[in-house]
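6 protein chains.
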Amino acid sequence: MSETNVPRFIDLTAPQVAALPPDTVAVLPLGAVEQHGPHLPISTDYVTATEAAEAAVAVVAREGSAPVVLLPGLAYTKSDEHHWSPGTIWLSWDTLMHTLVDVGRSLQTSGITRLLFVNGHGGNSALGQVACREIRRRFGLRTFFAHLSVPVDQGGGGSTSSELGMGVHGGHNETSLMLHLRPELVHLELAGRRVPERLAEFDLIGFGKPVSFGWTSDDFGPDGYIGDPTGATAEHGKLLFELAVTRLAAVIGEAARFTTR
Amino acid sequence: MSETNVPRFIDLTAPQVAALPPDTVAVLPLGAVEQHGPHLPISTDYVTATEAAEAAVAVVAREGSAPVVLLPGLAYTKSDEHHWSPGTIWLSWDTLMHTLVDVGRSLQTSGITRLLFVNGHGGNSALGQVACREIRRRFGLRTFFAHLSVPVDQGGGGSTSSELGMGVHGGHNETSLMLHLRPELVHLELAGRRVPERLAEFDLIGFGKPVSFGWTSDDFGPDGYIGDPTGATAEHGKLLFELAVTRLAAVIGEAARFTTR
Amino acid sequence: MSETNVPRFIDLTAPQVAALPPDTVAVLPLGAVEQHGPHLPISTDYVTATEAAEAAVAVVAREGSAPVVLLPGLAYTKSDEHHWSPGTIWLSWDTLMHTLVDVGRSLQTSGITRLLFVNGHGGNSALGQVACREIRRRFGLRTFFAHLSVPVDQGGGGSTSSELGMGVHGGHNETSLMLHLRPELVHLELAGRRVPERLAEFDLIGFGKPVSFGWTSDDFGPDGYIGDPTGATAEHGKLLFELAVTRLAAVIGEAARFTTR
Amino acid sequence: MSETNVPRFIDLTAPQVAALPPDTVAVLPLGAVEQHGPHLPISTDYVTATEAAEAAVAVVAREGSAPVVLLPGLAYTKSDEHHWSPGTIWLSWDTLMHTLVDVGRSLQTSGITRLLFVNGHGGNSALGQVACREIRRRFGLRTFFAHLSVPVDQGGGGSTSSELGMGVHGGHNETSLMLHLRPELVHLELAGRRVPERLAEFDLIGFGKPVSFGWTSDDFGPDGYIGDPTGATAEHGKLLFELAVTRLAAVIGEAARFTTR
Amino acid sequence: MSETNVPRFIDLTAPQVAALPPDTVAVLPLGAVEQHGPHLPISTDYVTATEAAEAAVAVVAREGSAPVVLLPGLAYTKSDEHHWSPGTIWLSWDTLMHTLVDVGRSLQTSGITRLLFVNGHGGNSALGQVACREIRRRFGLRTFFAHLSVPVDQGGGGSTSSELGMGVHGGHNETSLMLHLRPELVHLELAGRRVPERLAEFDLIGFGKPVSFGWTSDDFGPDGYIGDPTGATAEHGKLLFELAVTRLAAVIGEAARFTTR
Amino acid sequence: MSETNVPRFIDLTAPQVAALPPDTVAVLPLGAVEQHGPHLPISTDYVTATEAAEAAVAVVAREGSAPVVLLPGLAYTKSDEHHWSPGTIWLSWDTLMHTLVDVGRSLQTSGITRLLFVNGHGGNSALGQVACREIRRRFGLRTFFAHLSVPVDQGGGGSTSSELGMGVHGGHNETSLMLHLRPELVHLELAGRRVPERLAEFDLIGFGKPVSFGWTSDDFGPDGYIGDPTGATAEHGKLLFELAVTRLAAVIGEAARFTTR
């Protein structure tokens, strides 16, 4: 599924970087290496973020709709909610924050003024927004933070009724995406339904509800996934992926001309 | 507007703290000291957060619906988006993070297992969620993060049509709240309409849109407020406040019995 | 005992802050939330510092003797010597240091050039002095560090003979102050005499002696207080409080015109 | 040139990670994104490290000579010597150190006991060794640090006589490697000879000499590369690459059975 | 003036360290490398602290009055008040704090339970006390902080009337000490009287007064010293030194048997 | 063995520092306080580094071959590989790094442009090189890192055949040096042969081999030394010392005139 003719930042020489057009959008995928239950590889968030970002950048480049370059994605990010499990490689909050800030600082020297994070891991969202402001304040870059798809616990929709809207990790959508992108790595036969039904007792606190709560994934049981992957299909994954790519391509276009006044 | 008979953590002696009932919810208001334009005091977020938290704690205590104590609020928080202005006293992201984590660590020694942040300042939301997870992971507390009202740029509603849904700082609602809570400190005659209309040109990036962006308040102009306070009224503020108190009292009740399985 | 007409920094708007007169002294009370034995609330240091600072600022403002504003006090400070006890909420040394430095940095943007800490907790004294120099060096503010009353272990007098000069925490003076300021929160009937008589065997090392020593409050026994509160009275507390207020008002006056050459 | 059947850590599920055989060697490539003169892409060190590590892991896996998995490489590392140039994205020393330590900490939870860094960027060598010891001490992992090829300034040989033994960045060998691995990204026509001949005046201080010195790449001129790429060939690059792969495969074998007593 | 038969920690082998008697007092001199005006070497505080500590340890060892070892002194400490001047080598507050804490942590492994800082530089006093508590809390060592002589601005006496009690840096006493200890390095002919007479106008704020202030030494003028060294003599220095040694020897004795209950 | 007429930085006054000639080389010895087995004092690395540096500076000063000053050495450095043993006082990696950077920052204010570390402890080498680059980048100093003798595990030779080239800590050479410099502190009768013969089984990983590994000294056994000191002699030590001094004197000369273009 690897795209050719994707404009990659690291394929350039230093003088070529210096010659990038004004308002070029640098796109940085944020993945994760973290347990995703017995049915999905630990690369899941990394794969979805990098594949979607790459495809979106390819679309924009092909259409010439905005100047854009793809940065190497970050595989290791903030997966502290899965710290307890084999397979999780997690950076502490300050390590990831310093990483993002260092990247922003460096891009300033490269003349890049617009930085778009494409995030595949819900656990990065909060810190990523902190980083966006820090980079804006200190280095002047316009910064943007896009989710591959908005996580359910952050206001996004799309979780199935079987999931009671709580397919936040390794559930229907994520499993479908991986059935589309990496079918050989999905072990659907090992998956069941793991929906924290107790959460439905609360009106105000919970995933996608007004009050968030601090959780680690073992709060919900020993299996580490939250959702119902049993009905996932590659077709649904393909649809989700194509929607995400289309939306991200549009985001890149907006990011290139975004202004606040 | 100060409540009597509010159960305050700091009114207790050490042995009284040790004897608090299981599942007592400790409520920590998060304010801000930051510029709010020419018409609102820099205390705005601190006042609204502490007044609402105090009133909600009083309601719960009066009703006996859950064990609860009120912690001293934090006046100085993460106002880096207003760093450029007189009146703003801001902690850097790591200072605030360490403060919240230190509080969580200390509460563990006090036998407190449930900590609810009541936040009056949108700029604290992202970092507060990072802290909730960190405190959960390291000290085992159940942590909750509630907004006084969900900020517009974080999915909340309620901004007026005049504001195009962008009354994020010093606008209609916040000004109304202060006309209700501290009318003598509001200078409505100095306020105009400051709505970043350019943002309406973008579908995907913006306040309350799927893609967030890193901003400081001087990105929108020299006046530092974003919204249209001109039609604010104390009556509207009273309504908002009472809704917030009622909702927060219910949140406290849920927090006391919240479980994930 | 809350004063009206106290000039509070946070009651101002940003333009009002910018218009403060030159040499305005910003007064920042430093309290603590920490165990004070079975007879005093954990708010003791916070109450005494904030009440005295507020009263002193009110005196200066009423007399017009110097330009002055009161900042919101810090409730959570460096109480690591009481880390072992329920009721103590303590910041680590670097968290508090960064907090104080961040405040100093912010005040520079507000045009404030003089910052006076009014400290109610002996455990803050050393770090507070480190912060005073750091803020002076980096941001150019003139900084001052005043104790509500000079702690016994830092050269202050006033501990009773029953205390052998060692009433450093929850003893005669502090209990008297709270009997004056918050009588309803004092449980004098639970207090005894807790004086570390062994310390009298040492001439050079000890509270108020030339050589200081590193201690935590459980070094002296399980009760957490050090002194003899049994004879404390509200009258004595009133006297101490009024002396402190008078002295602090004079300090503010000096701080406004202080110069080194 | 991408290998199939490479055992990749992130292709596994969490239970599969937990079931990895004892003494599995986890291989972590360390690249860089940094200016490499006008003739080489900024990906050079990342490409060479990841390609060689992947090929070596594939050899070992094919031969079954040792249990091994490949971790996602780090593209952004410590390139502070090229901080001044567009195209360089550099982490500060403490950001990279914390990243490496966080990875080591996480691998402990995964049951991994052997970690091999394969480094393509000389600027990572010193810090990488600090990390190896820190991870050993704190988490008990056996850690190893291998260079793709030992850098000239760290005792390695192979720089051409035209380079006076100083082809440390973008010179004959590195350019040859990239002509082999990514010929379409090499702009040999833009390269000249950039050898710091002045260094030959010193016997004791210099690249590959007993005394090292602190340098940034602009110390040697504005072009940012140090060496003589003009005679580089794909054939020489192929030879270097194959030697590196063979050597790394042997290193992996040793790492799997390494013991100190 | 170097003592023979001083028991030095670093002269021991590891097994000898492990065999030190219980309650051995480890003595750590804290000096400074900082400008001391045109008449004194930048080593002044380091020389006085290390010479006095060494002599006191020698006395105690000779008398057998307590088990004691001398640690290597720290030359570079917290001289941020002299940051502006050539000759000053200063550690930031957190660097010094971490150094002291690391030493305390290490001594715990050596079985040392009593650590005495002998401080020759007033600028270390506050942070040293913070470190004493931190080491006590985290590693259980009994920690003590002694001044060579109590600095004037911290309650010590002995400054001459010509100095108005403000001979805090490079004045009568310090110059006399160096005339005794290192006469060949004193340039008395270059010294004048540098007393900040303006400070006498303030009753509450100042050196040795109840309220401390944050200062750097260039606040008082360009010469960097504060006091009146013109009348300094070696005889007076000898007297001061001998008093300090006698007092420190007694402190070591107390430190070896110090207990809080 | 203490040299007279060594130009010591700390013997100077501040104005004398300011008047040092351009290109003066400041020499900073780096030692260690760490276990060295039962036969050598824990001062070993500190003694050898400071004695050699002092002697070399004396030679250069006597010959007038280059402007040079000797800085006070650091006794406490990065000995984390010996963290487990009594006698070791170790700074963590970041404490030492910040110390070195603070020194570099301070020397810039003194007008020093050339800084040479003379290192007696192999465990400092990697971090020292990181510091050299950081100081070069941030403060512009030319920095140099010289080993007293290049450690065996970093490419140096000279370990005896009995040691199989692995006399890295407390072995033949180090013991000989101490027999020359501090014979009264060497307990040769307690030493045996402690050579990790298992390491000889590995071709690529090991001391002085292409691939380094992370180790702590207890990885090799409980005695803490690695090598064969049994045949050490003062004569061999004298030879090594004189060679080191001669070489370091030449390094100082080169450092004073070193340039990169």
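As they're listed, the protein sequences go chains A, H, F, C, U and Y. Numbered according to full-length UniProt numbering, the first sequence spans residues 1 to 261. Numbered according to full-length UniProt numbering, the second sequence spans residues 1 to 261. Numbered according to full-length UniProt numbering, the third sequence spans residues 1 to 261. Numbered according to full-length UniProt numbering, the fourth sequence spans residues 1 to 261. Numbered according to full-length UniProt numbering, the fifth sequence spans residues 1 to 261. Numbered according to full-length UniProt numbering, the sixth sequence spans residues 1 to 261. A virtual CB, placed ideally from N, CA and C, is assigned to each residue, including glycine.
Residues of chain Y with CB closer than 8 Å to the CB of residue i, please, in chain order.
{"i": "W215/C", "result": "R133, R136, T260"}
Can you list the residues of chain H that residue i reaches, using a CB-CB cut of under 8 Å?
{"i": "T88/F", "result": "A14, S106, T109, S110"}
{"i": "Q129/F", "result": "Ordered by position in chain H, no residue passes the 8 Å Cβ test against Q129/F, which lies about 19 Å from the chain."}
{"i": "A75/F", "result": "I10, P72"}
Please confirm if residue i has its CB atom under 7 Å from at least one CB of chain H.
{"i": "T48/F", "result": "no"}
{"i": "P38/F", "result": "yes"}
{"i": "A126/A", "result": "yes"}
Check the Cβ of residue i against every Cβ in chain C and list those closer than 7 Å, keeping chain order.
{"i": "A11/A", "result": "Looking at the sequence provided, one finds Asp at residue 11/A rather than Ala. Correct list: P41, S43, L185."}
{"i": "A250/Y", "result": "L204"}
Run through chain A and tell me which residues come within less than 9 Å of residue i, C-beta to C-beta.
{"i": "L91/C", "result": "H98, T99, D102, V103, S106"}
Below 9 Å on C-beta distance, what does residue i contact in chain H?
{"i": "G33/F", "result": "Looking at the sequence provided, one finds Val at residue 33/F rather than Gly. What V33/F touches in chain H: F9, I10, L71, P72, S106."}
Is residue i close to chain U? Criterion is C-beta to C-beta, closer than 7 Å.
{"i": "S176/Y", "result": "no"}
{"i": "residue 278/F", "result": "Outside the displayed span of chain F (1 to 261) sits residue 278/F, for which this structure offers no information."}
{"i": "T143/F", "result": "yes"}
Closer than 8 Å by beta-carbon distance: list the chain U residues that pair up with residue i, in chain order.
{"i": "G161/Y", "result": "The identity of residue 161/Y in the sequence shown is Ser, whereas the question assumes Gly. The contacting residues do not exist; S161/Y stays about 27 Å from chain U at best."}
Between residue i and chain F, is there a C-beta pair that is closer than 7 Å?
{"i": "T95/H", "result": "yes"}
Determine the chain H residues that contact residue i at a beta-carbon separation under 7 Å, and present them in chain order.
{"i": "L243/A", "result": "Here the premise fails: no neighbours, minimum Cβ distance about 12 Å."}
Does any residue of chain Y have a CB that is nearer than 7 Å to the CB of residue i?
{"i": "F117/C", "result": "no"}
{"i": "M1/U", "result": "Annotation note: pLDDT 43 at M1/U (below 50); position unreliable, no value reported."}
Which bits of chain A does residue i rub up against, with CB to CB less than 7 Å?
{"i": "V168/C", "result": "Simply none; closest approach about 17 Å."}
Cβ of residue i less than 7 Å from any chain A Cβ?
{"i": "E254/H", "result": "yes"}
{"i": "R114/H", "result": "no"}
{"i": "P21/H", "result": "no"}
{"i": "R198/H", "result": "yes"}
Quick one: list the residues of chain F neighbouring residue i, beta-carbon separation under 9 Å, in chain order.
{"i": "S85/H", "result": "A14, V17, A18, T109, S110"}
{"i": "A146/U", "result": "L204, I205, P210, V211, S212"}
Any C-beta of chain Y within less than 9 Å: which residues of the segment 201–230 of chain U qualify? For chain Y, the residues of the segment 201–230 of chain U that bring a beta carbon within less than 9 Å of one of its beta carbons are G224, in chain order.
Whole beta strand (DSSP E) elements within the segment 11–99 of chain F, 3-residue minimum: Counting only runs of 3+ residues, the beta strand (DSSP E) found wholly inside the segment 11–99 of chain F occupies 25–30, 68–70, in chain order.
For the pair the segment 243–259 of chain F and the segment 216–225 of chain F, tell me if three or more CB-CB distances fall below 8 Å. With contact defined as three or more Cβ pairs closer than 8 Å, the segment 243–259 of chain F and the segment 216–225 of chain F are not in contact.
Given 8 Å as the limit, is there contact between the segment 64–76 of chain C and the segment 43–54 of chain C, that is, 3 or more CB pairs closer than that? Output reads yes: the segment 43–54 of chain C touches the segment 64–76 of chain C.
Counting only Cβ-Cβ distances shorter than 9 Å, please list the residues of the segment 49–67 of chain C near chain A, keeping chain order. Of all residues in the segment 49–67 of chain C, none comes within less than 9 Å of chain A when Cβ atoms are compared.
List in chain order: all unbroken alpha helix (DSSP H) runs of 4+ residues lying wholly within the segment 154–224 of chain H. Under the rule that a run must span 4 or more residues, the alpha helix (DSSP H) segments found entirely inside the segment 154–224 of chain H read 172–181.
With contact counted as at least three CB pairs below 8 Å, one residue from each stretch, are the segment 123–130 of chain U and the segment 86–102 of chain U in contact? Touching, per the Cβ criterion.
Counting only runs that start and end within the segment 100–151 of chain U, where is the alpha helix (DSSP H) found for 4 or more residues in a row? Runs found: 125–139.
Taking three-plus beta-carbon pairs below 8 Å as touching, is the segment 205–212 of chain U in contact with the segment 14–23 of chain U? Result no; under three Cβ-Cβ pairs closer than 8 Å.
Taking 8 Å as the threshold, find out whether the segment 224–240 of chain C comes into contact with the segment 24–37 of chain C through three or more Cβ pairs. Between the segment 224–240 of chain C and the segment 24–37 of chain C there are three or more C-beta pairs closer than 8 Å, enough to call the two in contact.
Should the segment 238–255 of chain A be called in touch with the segment 46–65 of chain A, which here means at least 3 C-beta pairs below 8 Å? Yes: at least three Cβ pairs fall under 8 Å.
Closer than 8 Å is the cut-off here; do at least three beta carbon pairs connect the segment 157–169 of chain Y with the segment 184–199 of chain Y? Yes: the two stretches touch, three or more of their Cβ pairs being nearer than 8 Å.
Does the contact criterion of 3 or more C-beta pairs under 8 Å hold for the segment 176–193 of chain H versus the segment 227–237 of chain H? The answer is yes - the segment 227–237 of chain H touches the segment 176–193 of chain H, with three or more Cβ pairs under 8 Å.
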